[in-house]
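Colleague: Got a structure for you, written out below as structure tokens; questions coming shortly.
Protein chains: 2
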Amino acid sequence: MAVPARFNFVTLGAGDVSALRGFYERLGWQAAKASVDGEVAFFWLNGLVLSLYDRASLYREIGVEGDATPRARETNIAINVETPEEVATVLAEAEAAGGSILAPARTMHWGGVSGYFADPEGHAWEVAHNPFMPLDADGRLLPLDV
Amino acid sequence: MAVPARFNFVTLGAGDVSALRGFYERLGWQAAKASVDGEVAFFWLNGLVLSLYDRASLYREIGVEGDATPRARETNIAINVETPEEVATVLAEAEAAGGSILAPARTMHWGGVSGYFADPEGHAWEVAHNPFMPLDADGRLLPLDV
């Protein structure tokens, strides 16, 4: 299989998730119920999710904690896949194309499977299976509960 | 009006656009005909566009050239709007919500209108009207010619 040509998540690293969430709410955007105060905020945006996530946690999950040049990873983009098994398969495809694995496929505390690769200039991509956020037939995330 | 709750573009700053384009093509993704060798590459991904763009040009357009802490701007995300006039309106809405204007609405060499704001943690968002990339009724970019 090839790497699905799509976006499902864009995550912004945040120093203060609550304050940053307030800004996006003032734009008129509505945070989903799945958001957790002070930890993470989700906004469903027309088929994909904007996520605001604690920067230190994000770097820890990506595996770049302490990286001296994190600029290319500050905004994290993700491809969601339909099955847990596909995560490792897609990571392998990305590596075969010249990417590097930042974090292998592993089961996450939130109940899904996730891994990270970097493109040759260091931009991080997450590949994830999230059983709680189903995709429609076009590979877009269904609206979140708000 | 409020700020449209959507994504239309995600742009990755690239040191070598051609080399980075090669990586994404090896994933099985097809660059659009509007791509310009060595300058910019566009991939239509399920309703939005992944753009690879010369990093120095990107920083110049955002107005952060020489910025010592560009990490939050390395990946640039954009909201496309239906009319040229809306660009300034949406930027003003973002400023009123606590964002800061990085670059005002101006006519660009590529024939559209564009401006940038930053959220309170410095993540850059472009607001753009692109007469050559129409949106569908759901606010998603129509497929590009490949």
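Protein chains in written order, with this note's numbering: chain A, 15 to 160; chain B, 15 to 160. Built from N, CA and C at the ideal position, the CB exists for glycine as well.
Any contact of the segment 53 to 61 of chain A with the segment 28 to 42 of chain B, i.e. 3+ C-beta pairs under 8 angstroms?
Modeller: No, because fewer than three Cβ pairs between the segment 53 to 61 of chain A and the segment 28 to 42 of chain B fall closer than 8 angstroms, the two stretches do not touch.
Colleague: Run through chain A and tell me which residues come within less than 7 angstroms of B/Gly-133, C-beta to C-beta.
Modeller: Along the second sequence, one-based indexing puts residue 133 of chain B at 119. Before going further, note that residue 133 of chain B is Asp rather than Gly in the sequence given. The answer, in chain order, is Leu-34, Phe-37.
Colleague: Where does A/Gly-29 fall in DSSP's three states?
Modeller: In the first sequence, residue 29 of chain A corresponds to position 15, counting from 1. Coil.
Colleague: Can you give me the Cβ contacts of B/Val-160 inside the same chain, cut-off strictly under 8 angstroms, excluding the 5 residues immediately before and after it?
Modeller: Position 146 of the second sequence, counted from the start, is the residue given in the question as residue 160 of chain B. Same-chain partners within the cutoff: Gln-44, Ala-45, Ala-46, Lys-47, Trp-58.
Colleague: For A/Asp-133, tell me which candidate among A/His-143, A/Glu-109, A/His-123, A/Leu-149 has the shortest Cα-Cα distance.
Modeller: Counted from its first residue, the first sequence places residue 133 of chain A at position 119. A/Asp-133 has its Cα closest to that of A/Glu-109, out of A/His-143, A/Glu-109, A/His-123, A/Leu-149.
Colleague: Given 8 angstroms as the limit, is there contact between the segment 149 to 158 of chain A and the segment 125 to 139 of chain B, that is, 3 or more CB pairs closer than that?
Modeller: At 8 angstroms Cβ cutoff, the stretches do not touch.
Colleague: Just the C-alpha distance for B/Met-147 and A/Glu-100, rounded to the nearest angstrom, thanks.
Modeller: Here residue 147 of chain B corresponds to residue number 133 of the second sequence, with the count starting at 1. Here residue 100 of chain A corresponds to residue number 86 of the first sequence, with the count starting at 1. Approximately 32 angstroms, taken between the alpha carbons.
Colleague: Among the residues of its own chain, which have a CB less than 6 angstroms from the CB of B/Ala-82, if the five just before and after it don't count?
Modeller: The residue given as residue 82 of chain B occupies position 68 in the second sequence. Note that B/Ala-82 has pLDDT 47, beneath the 50 cutoff, so the model's placement of it is unreliable and no number is given.
Colleague: Rounded to whole angstroms, what's the CA-CA distance from B/Gly-29 to B/His-123? Just pull it up for me.
Modeller: Translated into the one-based positions of the second sequence, residue 29 of chain B becomes position 15. Translated into the one-based positions of the second sequence, residue 123 of chain B becomes position 109. So the alpha carbons of these two residues sit roughly 21 angstroms apart.
Colleague: Can you tell me the Cβ-Cβ gap for A/Glu-140 and A/Phe-23, rounded? I've got them flagged as a contact below 8 angstroms.
Modeller: Looking up residue 140 of chain A in the first sequence gives position 126. Looking up residue 23 of chain A in the first sequence gives position 9. A/Glu-140 to A/Phe-23, Cβ: 7 angstroms. Contact.
Colleague: When DSSP builds the beta bridges, which residues end up paired with A/Thr-121?
Modeller: Mapped onto the first sequence, residue 121 of chain A falls at position 107. BP columns for A/Thr-121 point to A/Val-127.
Colleague: Quick one: which chain A residues come within Cβ less than 8 angstroms of B/Ile-115?
Modeller: Counting from 1 along the second sequence, the entry for residue 115 of chain B is found at position 101. Under the 8 angstroms cutoff, chain A gives no residues; its nearest Cβ is about 14 angstroms from B/Ile-115.
Colleague: Roughly how many whole angstroms lie between the Cα atoms of A/Gly-126 and A/Asn-144?
Modeller: As a first step, residue 126 of chain A is located in the first sequence; it is residue number 112 there, counting from the start. As a first step, residue 144 of chain A is located in the first sequence; it is residue number 130 there, counting from the start. Whole-angstrom Cα-Cα distance: 5 angstroms.
Colleague: Give the straight-line distance between the Cα atoms of B/Leu-72 and B/Leu-105, rounded to the nearest whole angstrom.
Modeller: What you label residue 72 of chain B is simply residue 58 of the second sequence in a count that begins at 1. What you label residue 105 of chain B is simply residue 91 of the second sequence in a count that begins at 1. Between B/Leu-72 and B/Leu-105, the C-alpha separation is close to 18 angstroms.
Colleague: Going by alpha carbons, who is nearest to B/Val-95 out of B/Leu-116, B/Asp-150, B/Gly-112, B/Val-31?
Modeller: The residue labelled residue 95 of chain B in the question sits at position 81 within the second sequence. Answer by Cα proximity: B/Asp-150.
Colleague: Using the beta-carbon count (16 or more within 10 Å), is A/Thr-25 buried or exposed?
Modeller: Counting from 1 along the first sequence, the entry for residue 25 of chain A is found at position 11. That one is buried.
Colleague: With a threshold of 8 angstroms between beta carbons, is B/Arg-20 in contact with chain A?
Modeller: Counted from its first residue, the second sequence places residue 20 of chain B at position 6. Judged by the 8 angstroms Cβ criterion, B/Arg-20 is in contact with chain A.
Colleague: Taking only runs of the beta strand (DSSP E) that begin and end inside the segment 31 to 69 of chain A, which ones reach a length of at least 3 residues, in chain order?
Modeller: If we require 3 residues or more, the beta strand (DSSP E) runs fully inside the segment 31 to 69 of chain A come out as 54 to 59, 62 to 68.
Colleague: Mapping DSSP to helix, strand and coil, what is A/Leu-155?
Modeller: In the first sequence, the residue the question calls residue 155 of chain A occupies position 141. Strand, per DSSP.
Colleague: Excluding the five sequence neighbours on either side, which residues of its own chain have a C-beta within less than 7 angstroms of the C-beta of B/Glu-53, listed in chain order?
Modeller: Counting from one through the second sequence, the residue named residue 53 of chain B turns up at place 39. Cβ within range, chain order: Val-31, Asp-68.
Colleague: Go to B/Glu-107, then tell me how far its alpha helix (DSSP H) extends in each direction, as first and last residue.
Modeller: Taking the second sequence and counting its residues from 1, one reaches residue 107 of chain B at position 93. Taken as a continuous stretch (DSSP letters only), the alpha helix (DSSP H) holding B/Glu-107 covers 98 to 110.
Colleague: Whose CA, out of B/Ala-19, B/Leu-41, B/Arg-20, B/Ala-16, lies closest to the CA of A/Gly-113?
Modeller: Within the first sequence, residue 113 of chain A is the residue found at index 99, counting from 1. Checking every option, the nearest Cα to that of A/Gly-113 belongs to B/Leu-41.
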